[in-house]
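Start counting the sequence shown at 445; every next residue gets the next number (our numbering). To start, the structure itself, in structure tokens.
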Amino acid sequence: QSVHQYGGYKVQGKATDQAEALLNDARALEAAGAFAVVLEAVPAKLAKTITQALAIPTIGIGAGPACDGQVLVLYDLLGLFDEFVPKFVKPYAHLRADALQALRRFREEVEQGKFPTDSESYH
Numbered sequence: 445q446s447v448h449q450y451g452g453y454k455v456q457g458k459a460t461d462q463a464e465a466l467l468n469d470a471r472a473l474e475a476a477g478a479f480a481v482v483l484e485a486v487p488a489k490l491a492k493t494i495t496q497a498l499a500i501p502t503i504g505i506g507a508g509p510a511c512d513g514q515v516l517v518l519y520d521l522l523g524l525f526d527e528f529v530p531k532f533v534k535p536y537a538h539l540r541a542d543a544l545q546a547l548r549r550f551r552e553e554v555e556q557g558k559f560p561t562d563s564e565s566y567h
């Protein structure tokens, strides 16, 4: 990922010159033979402009509803990471607490000799 080249997790393309540069970059990628372009953390209006300008699909992640497709990072979608969650993430579950509890139970059962039992062993 190029997040560190752009100063962290910041919206790109808000200024007119940045928006024009992103549109030109997307066109250049298409001309170079790209099969799709991912638009991450760009204003929805710009994503719509880029989507309409290209013949190849745009995949949005924090780029509004006008992209041809959408994607989220699985850990964000499942609610497995709560240290930093970008504005555009909508968690569809909150599995972090369940996963931590399952790991604790597993460790405890192994330490107490309760796992594996005869039923989890081959004979």
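Where is the CB? At the ideal position from N, CA and C, for every residue including glycine.
- Taking a C-beta distance under 8 Å as the contact criterion, V455 and A485 qualify as a contact pair.
- If only uninterrupted alpha helix (DSSP H) runs of at least 4 residues are considered, those enclosed by the region 482 to 533 are 488 to 497 and 518 to 521.
- By the C-beta density criterion, T502 is buried, having at least 16 other C-beta atoms within 10 angstroms.
- With respect to H538, G523 sits close: the two C-beta atoms are nearer than 8 Å.
- Per DSSP, D461 is one residue of the alpha helix (DSSP H) stretching across T460 to A475.
- Counting every other CB atom within 10 Å of its CB across the protein chains shown gives L547 a total below 16, marking it as exposed.
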